[in-house]
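Participant: For reference, the structure I am asking about is given below.
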Amino acid sequence: MTRHQLSHSFREHVADGVVHVLGVVFAVAGVSALIVWASLAAPAGRVWPLAVYSVGLIASFSLSAAYNLTLHAPTRAVLRRLDHAAIYLLIAGTYTPMALIGLGGVAGWALTATVWTLATFGIVMKLGFFHRAERTGFWLYLAMGWLGMIAMWPLIVALPLPALILLVVGGLTYTVGVIFYQTERIPFSRAIWHGHVLAAAATHYAAVIVISH
66 MTRHQLSHSF REHVADGVVH VLGVVFAVAG VSALIVWASL AAPAGRVWPL
116 AVYSVGLIAS FSLSAAYNLT LHAPTRAVLR RLDHAAIYLL IAGTYTPMAL
166 IGLGGVAGWA LTATVWTLAT FGIVMKLGFF HRAERTGFWL YLAMGWLGMI
216 AMWPLIVALP LPALILLVVG GLTYTVGVIF YQTERIPFSR AIWHGHVLAA
266 AATHYAAVIV ISH
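Sequential numbering of the sequence shown, starting at 66, is according to this note's numbering.
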């Protein structure tokens, strides 16, 4: 039997699929607009951090959609590892423009290096030791997401207030969504969780726009 057995109803699977398709569509549209603008109007030093962010966003949303929509069990097992690894790309990619464009200087590079070191560790862990590191990986997601609190004062000084508000709102949205991720008995919990991911990513996209201009 190579067909994956759903742990939730088919209606819930369809609802989750709709959220994922919307996420990919919005991500592609948003990234396309961002890269076109950056190529035409942004200073050269800002283009590559925005490109890194864009790659992380597209990779995470695309692999998440592929994994969650696929019902072929062997393919799904491979995509699950890639999906979970790509979350680290999204987190580190989102930090990159915030640190290098918004914060800048030695502090910006230090934050970027720290985040990408943790992301590399997480990716290796997810790809090579998936089942033994599932709980560790989950807490590493959250820890990386709130790592900016360590550099809170430099970020408060460097970033525009709207960007700070958007970053905090996005972080809180992700964190609230974890409740649904951890509680599968709630009807449509997967779709609700991924809806929180989409909403949080949208607020962080808006924050990237603010600090890039």
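Built from N, CA and C at the ideal position, the CB exists for glycine as well.
Since Val-234 and Tyr-118 are thought to touch, with beta carbons under 8 Å apart, how far apart are those beta carbons, to the nearest angstrom?
Facilitator: On the sequence shown, residue 234 is found 169 positions in, with the first residue counted as 1. On the sequence shown, residue 118 is found 53 positions in, with the first residue counted as 1. Wrong, their Cβ atoms sit about 18 Å apart, outside the cutoff.
Participant: With 16 other CB atoms within 10 Å as the buried threshold, where does Leu-165 fall?
Facilitator: As a position in the sequence shown, residue 165 is number 100, starting the count at 1. Classification of Leu-165: buried, given that the 10 Å Cβ count is 16 or more.
Participant: Restricting to runs no shorter than 4 residues, where is the alpha helix (DSSP H) found entirely within the segment 200-251?
Facilitator: Taking only runs of at least 4 residues, the alpha helix (DSSP H) segments lying wholly in the segment 200-251 are 217-223 and 226-247.
Participant: Measure the alpha-carbon distance for Gly-121 versus Ala-184 and round it to whole angstroms.
Facilitator: Counted from its first residue, the sequence shown places residue 121 at position 56. Counted from its first residue, the sequence shown places residue 184 at position 119. Distance between the alpha carbons of Gly-121 and Ala-184 is about 11 Å.
Participant: Let me know if Ala-256 comes out buried or exposed under the rule of 16 or more other beta-carbons within 10 Å of its beta-carbon.
Facilitator: Taking the first residue of the sequence shown as 1, we reach residue 256 at position 191. The residue in question, Ala-256, is buried, as its Cβ has 16 or more Cβ neighbours within 10 Å.
Participant: For Ile-145, I'd like the list of residues in its chain whose CB is within less than 6 Å of its CB, leaving aside the five on either flank, ordered along the chain.
Facilitator: Numbered from its first residue, the sequence shown carries residue 145 at position 80. First, the amino acid is wrong: residue 145 is Arg here, not Ile. So the qualifying residues of the chain are Tyr-132.
Participant: So, is the C-beta of Gly-170 closer than 9 Å to a C-beta in chain D?
Facilitator: Among the protein chains of the structure shown there is no chain D, as only one such chain exists.
Participant: Using the DSSP secondary-structure output, state which residues sit across from His-137 in a beta bridge.
Facilitator: Residue numbering aside, residue 137 sits at position 72 when the sequence shown is read from its first letter. Answer is Arg-68.
Participant: The alpha helix (DSSP H) spanning Gly-193 covers which residue range?
Facilitator: Walking along the sequence shown from the start, residue 193 turns up at place 128. Where Gly-193 is concerned, the enclosing alpha helix (DSSP H) stretches over 170-193.
Participant: Could you give the first and the last residue of the continuous alpha helix (DSSP H) run that contains Ala-107?
Facilitator: Sequence index remark: in the sequence shown, residue 107 carries index 42 (1-based). No alpha helix (DSSP H) contains Ala-107, which DSSP labels as neither H nor E.
Participant: Is it true that the segment 263-272 meets the segment 72-92, where meeting means three or more beta-carbon pairs spaced less than 8 Å apart?
Facilitator: Segments in contact, yes.
Participant: Does the Cβ of His-259 have 16 or more other Cβ atoms within 10 Å, making it buried, or fewer, making it exposed?
Facilitator: Position 194 of the sequence shown, counted from the first residue, corresponds to residue 259. Answer is buried; the Cβ neighbour count reaches 16.
Participant: By Cβ distance, which residues of its chain are closer than 7 Å to Asp-81, with the 5 residues on each side in sequence left out?
Facilitator: On the sequence shown, position 16 is the one that residue 81 refers to. These residues qualify, in order along the chain: Asn-133, Arg-255, Ala-256 and His-259.
Participant: Just to check my reading of the structure: Gly-202 and His-149 have Cβ atoms closer than 8 Å, yes? What is that Cβ distance to the nearest angstrom?
Facilitator: The residue given as residue 202 occupies position 137 in the sequence shown. The residue given as residue 149 occupies position 84 in the sequence shown. Their Cβ separation, rounded to whole angstroms, is 6 Å, which keeps Gly-202 and His-149 in contact under 8 Å.
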